[in-house]
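Engineer: The structure follows.
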Amino acid sequence: MFHRRHPALWVAVALLVLFSLASAVGGIWLITLGGSWYYAAVAIGFAATAALLVARRPAALWVYAALVAGTLVWALWEVGFDWWPLAARGDLIFLLGLLLLTPWVTRSLFVPDVRTAMDGTATPPGAWRGGGLALSLSLLLVLAVGVTSWFTDLHDIEGTVPERTAASSPDATMPDGEWQAYGRTGMGQRFSPLTEITPENVALLETAWTYETGDEKQPGDPVETTFEVTPLKIGDRLFLCTPHQNVIALDADTGEEVWRYDPKIQGALALQHLTCRGLSYHAASASPAAATQAAAASQAPPAPLTTPADATATAADPADPDLPVAAATAANTTASCGAKLFMPTADGRLIALNPDTGAVCADFGGGDGQLDRWSQMPNVNPGAYYSTSPVVVTANMIIVAGTVLDNVSTAEASGVIRGYDVDTGDLVWAWDSAKPDQTAPLPEGQTYTPNSPNSWSISSVDEALGMVYIPMGNQPPDQWGGNRTPEVERFSSSVVALDIATGEVRWVFQTVHHDLWDYDVPSQPSLIDLTIQGETVPALVQPTKQGEIFVLDRRTGTPVLPVTEIPAPQGAAPGDRTAATQPTSALSYDPPELTGRDMWGATMFDQLACRIALKSLRYDGRYTPPSEQGSLIYPGNFGVFNWGGVAVDPQRQIAFTTPTYLAFTSQLVPRADDETLYVQDGGQKPAGALPSLNENFGAPFAIKLSAFTSVLGLPCQAPPWGYVAAADLTTGKVLWMHKNGTVRDSSPIPLPFKMGVPNLGGPVMTAGGVAFLSGTLDQYLRAYDVSTGEQLWESRLPAGGQSTPMTYTGRDGRQYVLVVAGGHGSLGTKMGDSIIAYKLPAG
């Protein structure tokens with residue numbers, strides 16, 4: 089009798105035919121684009137195996153064994169012993185090979201001879217065994233390589249931070265256990281001198297208290313609703329703000345709410361971003377008048393534990409009913425404030441609060457406790473100008489910047505930077521980058537330059553040198569700059585040092601020339617004194633989206649570590665141009681250019697699709713100009729570094745960094761008019777509607793922006809996508825670098841594979857030798873040994889931790905570590921409202 093074909097054989101044939109067709113179509117397409125011939129070749133192997141299976145020929149196993157072995161050799165040649173790229177190339181092929189070895193398939197692979205068919209006897213089908221052995225050996229070899237690569241990390245840099253202790257200058261005005269500014273001090277180091285928590289005991293950390301703000305994302309909020317705050321710690325209290333702009337004071341030891349203030353922001357639906365990264369603090373002034381006012385305020389009765397809800401109402405400005413004004417009511421206003429908290433709001437105000445009571449400071453801003461930052465602003469449009477970052481506070485001045493809408497139109501508000509008297513709120517100077525030499529306040533009736541470069545991130549200050557250091561963005565639209573003026577070109581995507589007293593430019597250093605990639609300077613400069621060749625150099629450390637870390641002399645803006653101008657790709661869109669060169673630093677996390685072998689996916693087929701996509705886009709390496717064809721932008725505008733920045737250790741003179749690597753695509757879409765929606769849902773621009781992001785009304789092109797992902801939504805480039813690393817700031821050398829974070833909260837199946845995931849949120853370092861980070865896409869607060877980068881401890885968070893942790897000392901004398909876990913709307917991390925403090929167990 090003839091041996092019947094088992095259904096498993098037909099399943100194998102069907103899969104082989106399907107794989108062959110997909111490989112042939114995609115492989116030929118890839119060849120026409122100049123890509124790898126592998127997929128076309130493997131299509132032949134799939135087809136031959138299928139044909140031999142249908143013919144019941146044992147040679148099918150020999151052919152498939154050769155296909156497996158050939159794929160392994162090709163994969164090792166492309167990526168070496170790198171497990172995740174290897175898996176994408178061989179997973180389906182390996183699993184199909186196992187199916188071919190099952191008895192249901194192999195027992196069908198023999199051809200009975202005539203005598204067997206005539207006398208009805210059956211001969212055991214052994215003819216397949218040679219091919220089966222070959223296939224088994226090839227699969228075992230694949231398995232051995234897979235196991236070996238699982239325990240091999242080709243992306244790791246092992247090293248140790250030098251055990252040196254440079255002379256650092258502690259802030260004598262701030263106790264070691266406090267955190268009085270976003271980066272602890274105005275220098276933006278994100279470094280604490282506390283030493284109780286060490287690499288030896290950090291694993292013992294336990295939850296001290298948890299507080300929930302009650303402020304969570306609401307229907308109708310912008311997608312980019314995020315909880316990114318780093319609280320301040322002053323005296324016995326913590327001070328923070330929430331996405332909806334509530335200001336909250338907590339007891340630092342217990343987490344109990346002391347007071348809450350709600351400014352009742354207006355126009356939130358028109359915002360691109362709804363977040364608050366932090367507050368700013370000014371201690372009581374030492375002037376006699378201020379001392380008298382503070383003394384009088386101290387005689388007032390103590391504030392209730394929580395400010396009554398009806399004390400937080402706002403009133404409309406009768407001159408402009410679209411713009412809100414903070415209320416000045418008896419219930420929530422104090423005559424004067426010694427110390428002040430400053431809250432920048434999402435509707436264009438700056439409010440001064442009494443840190444003791446949460447009451448509005450009536451002696452600030454003309455009697456209502458606030459500044460209207462829409463004053464003398466062009467193109468007034470609620471929701472189009474606001475702050476997400478804390479302001480700079482010095483002994484006498486408040487320096488305030490703000491963000492304007494990205495890629496909506498060429499008729500936006502101004503990016504003017506303004507300096508106000510810290511006691512009264514009177515405008516002292518205004519620096520408009522389009523008129524950089526005119527810093528005196530504008531005469532009544534005049535407005536600042538529309539659409540000028542803005543600063544949306546956090547600035548730093550050196551009061552001894554008398555300079556504030558401002559990270560600048562660029563002029564909208566981000567991806568087309570044909571109409572930019574020389575002044576705009578000078579200050580876009582730069583670090584600008586302004587005189588604190590006058591607002592005059594002291595120096596400027598540009599990190600990108602003629603920026604067409606949204607490579608605005610994203611993070612707070614970190615100020616640190618470095619010892620170089622025996623001399624102390626006051627330095628500024630500036631991370632950038634493109635992966636450079638520029639180390640400059642903060643007195644002059646001249647590079648401390650060498651900066652080299654390298655040739656950049658040319659060929660901009662019609663009406664635009666590209667810079668001939670771009671600056672690179674001796675300390676750089678710029679990734680190698682992407683090639684076909686860097687493409688990735690869950691299977692060989694979505695990897696093939698990514699290879700085709702790569703070849704279909706314009707890509708000439710970093711700084712490839714945006715194009716109508718569509719360009720690959722790598723690193724993407726998410727940035728190697730974003731607003732979280734880095735932490736610097738003034739004693740070891742190193743930076744703890746969190747580089748992220750994600751590619752994006754950028755495609756220019758020609759505009760024929762200023763009414764049609766070209767990249768949104770189509771149709772005409774509705775009057776009074778929400779901002780039409782990426783339409784660029786007034787420019788010749790709209791822009792389509794997206795992450796470079798596969799058809800399954802996975803990044804097209806192979807992991808790792810995120811690291812922790814340490815760099816020597818005196819030499820530019822990367823000392824160690826390790827992939828960081830898991831895909832537990834990013835994949836359909838919550839498997840904690842440590843693939844290295846993106847990070848958004850900054851690190852903090854301590855003198856105890858421990859660094860903390862919570863910003864990865866998985867929900868963990870982690871602790872690292874600063875010396876080696878080894879992860880020492882982690883704690884599961886109830887939501888995404890896209891914020892920068894901080895650390896402080898409580899009344900009990902113990903060191904606390906605090907993290908905010910509230911998620912990030914556009915990243916898709918879990919939203920929440922938790923604040924969690926940790927400390928070591930008693931004893």
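My numbering puts the first residue of the sequence shown at 89, with every later residue one more than the last.
Each residue gets a CB set at the ideal place from its N, CA and C atoms; glycine is no exception.
Please go through the same chain and pick out, in chain order, the residues whose beta-carbon is closer than 7 Å to the beta-carbon of residue 395, but skip the five residues on each side of it.
Structural biologist: Confidence is the limiting factor: at residue 395 the pLDDT is only 37, short of 50, which leaves the residue's position unreliable, though a coordinate-based value still follows. Only 347, 348, 349, 420 and 446 meet the Cβ criterion.
Engineer: Identify every residue that forms a DSSP beta bridge with residue 298.
Structural biologist: Answer is 924.
Engineer: Using the Cα positions of residue 141 and residue 217, report the straight-line distance between them to the nearest angstrom.
Structural biologist: Those two C-alpha atoms are separated by around 15 Å.
Engineer: Verify whether the separation of the beta carbon atoms of residue 187 and residue 224 is less than 8 Å.
Structural biologist: Not in contact: residue 187 and residue 224 (Cβ atoms no closer than 8 Å).
Engineer: Pairing CB atoms from the stretch 691-700 with CB atoms from the stretch 643-660, are three or more of them under 8 Å?
Structural biologist: Verdict: no, contact absent.
Engineer: What does the Cβ neighbour count give for residue 321, buried or exposed, with the cut at 16 atoms within 10 Å?
Structural biologist: Burial call: buried.
Engineer: So, residue 734 versus residue 745, is the Cβ gap smaller than 8 Å?
Structural biologist: It is a contact, given that the beta carbons lie within the stated cut-off.
Engineer: Just list the beta strand (DSSP E) runs in the stretch 217-294, keeping only unbroken ones of 3 residues or longer that don't cross its boundaries, in chain order.
Structural biologist: Entirely contained in the stretch 217-294, not one beta strand (DSSP E) run reaches 3 residues.
Engineer: Have a look at 692, 694, 723 and 695 and flag the residue whose alpha-carbon is nearest the alpha-carbon of residue 707.
Structural biologist: Cα-wise, what sits closest to residue 707 is 723.
Engineer: Could you tell me the alpha carbon to alpha carbon distance between residue 194 and residue 220, rounded to whole angstroms?
Structural biologist: Each residue's Cα considered, the two are about 8 Å apart.
Engineer: Check for me: the beta strand (DSSP E) holding residue 762 runs from which residue to which?
Structural biologist: Residue 762 -> no beta strand (DSSP E), and no H or E assigned at all.
Engineer: Assuming residue 367 and residue 431 make a contact with CB atoms under 8 Å, what is their CB distance in whole Å?
Structural biologist: Contact flag correct, Cβ pair sits at about 6 Å.
Engineer: Could you tell me which uninterrupted alpha helix (DSSP H) segments, each at least 4 residues in length, are contained entirely in the stretch 345-375, listed from first to last along the chain?
Structural biologist: As far as the stretch 345-375 is concerned, it has no whole alpha helix (DSSP H) run of at least 4 residues.
Engineer: In the DSSP assignment, what are the bridge partners of residue 695?
Structural biologist: BP columns for residue 695 are empty, so no partner.
Engineer: Measuring alpha carbon to alpha carbon, tell me which residue in 705, 231, 165 and 147 is nearest residue 179.
Structural biologist: Here the closest residue by C-alpha is 231.
Engineer: Sorted by chain position, which residues of the same chain lie with C-beta nearer than 8 Å to residue 705's C-beta, five sequence neighbours on each side aside?
Structural biologist: The residues are 717, 718, 719, 720 and 753.
Engineer: Taking the CB atoms as reference points, tell me whether residue 729 and residue 631 lie closer together than 8 Å.
Structural biologist: Yes.
Engineer: Kindly indicate which three-state DSSP category residue 434 falls into: helix, strand or coil?
Structural biologist: Residue state, collapsed to three classes: coil.
Engineer: Cα separation between residue 844 and residue 291?
Structural biologist: In a straight line, the C-alpha of residue 844 is about 22 Å away from that of residue 291.
Engineer: Is there a Cβ of chain B sitting closer than 8 Å to that of residue 675, yes or no?
Structural biologist: No chain B appears in this structure, which consists of one protein chain only.
Engineer: Since residue 97 contacts residue 192 with CB under 8 Å, what's their CB separation in whole angstroms?
Structural biologist: Residue 97 to residue 192, Cβ: 7 Å. Contact.
Engineer: What residues are listed by DSSP as bridge partners for residue 884?
Structural biologist: Note: residue 884 sits in a beta bridge opposite 868.
Engineer: Here's a check: name, in chain order, each residue in its chain whose Cβ is nearer than 6 Å to the Cβ of residue 136, leaving out the five neighbours to either side.
Structural biologist: Cβ within range, chain order: 151.
Engineer: Identify, in the order they occur along the chain, each residue of the same chain with its Cβ nearer than 8 Å to the Cβ of residue 293, setting aside the five sequence neighbours on each side.
Structural biologist: If we look at residue 293 and ignore the five residues flanking it on each side, its Cβ neighbours are 285, 871, 881, 883, 905, 926, 927 and 928.
Engineer: Confirm, please, whether the CB-CB distance from residue 918 to residue 867 is below 8 Å.
Structural biologist: Cβ distance < 8 Å, so residue 867 and residue 918 count as in contact.
Engineer: So residue 236 packs on residue 182, CB below 8 Å; how close in whole Å?
Structural biologist: That belief does not hold up - the Cβ atoms of residue 236 and residue 182 are roughly 15 Å apart, past 8 Å.
Engineer: Below 7 Å CB to CB, which residues in the same chain sit around residue 392 once its five sequence neighbours on both sides are set aside?
Structural biologist: Note that residue 392 scores 34 on pLDDT, short of 50, meaning its location in the model is unreliable; the coordinates nonetheless yield the value given after this. There are no such residues.
Engineer: With which residues is residue 758 paired in a DSSP beta bridge?
Structural biologist: Its beta-bridge partners are 789.
Engineer: Which word fits residue 655, buried or exposed, when buried means at least 16 other C-beta atoms lie within 10 angstroms of its C-beta?
Structural biologist: Exposed, by the Cβ-count rule.
Engineer: Is it buried or exposed for residue 305, if we count other Cβ within 10 angstroms and need 16 for buried?
Structural biologist: So residue 305 ends up on the buried side.
Engineer: Identify whether residue 460 lies in helix, strand or coil by the three-state DSSP scheme.
Structural biologist: The answer is strand: DSSP assigns residue 460 an E or B state.
Engineer: Does DSSP put residue 605 in a helix, in a strand, or in coil?
Structural biologist: Residue 605 falls in the coil class under three-state DSSP.
Engineer: Would you mind reading off the limits of the beta strand (DSSP E) that contains residue 628?
Structural biologist: Unbroken beta strand (DSSP E) run through residue 628: 623-631.
Engineer: For residue 71, name the three-state secondary structure that DSSP assigns.
Structural biologist: Nothing can be reported for residue 71, as the shown portion of the chain is limited to 89 through 931.
Engineer: Under 8 Å by Cβ, that's how I've got residue 127 and residue 800 pegged, so tell me the actual separation to the nearest angstrom.
Structural biologist: Actually they do not touch by this definition, with Cβ atoms about 18 Å apart.
Engineer: At a cut of 8 Å, does the stretch 575-593 reach the stretch 523-535 through at least three beta carbon pairs?
Structural biologist: Output reads yes: the stretch 523-535 touches the stretch 575-593.
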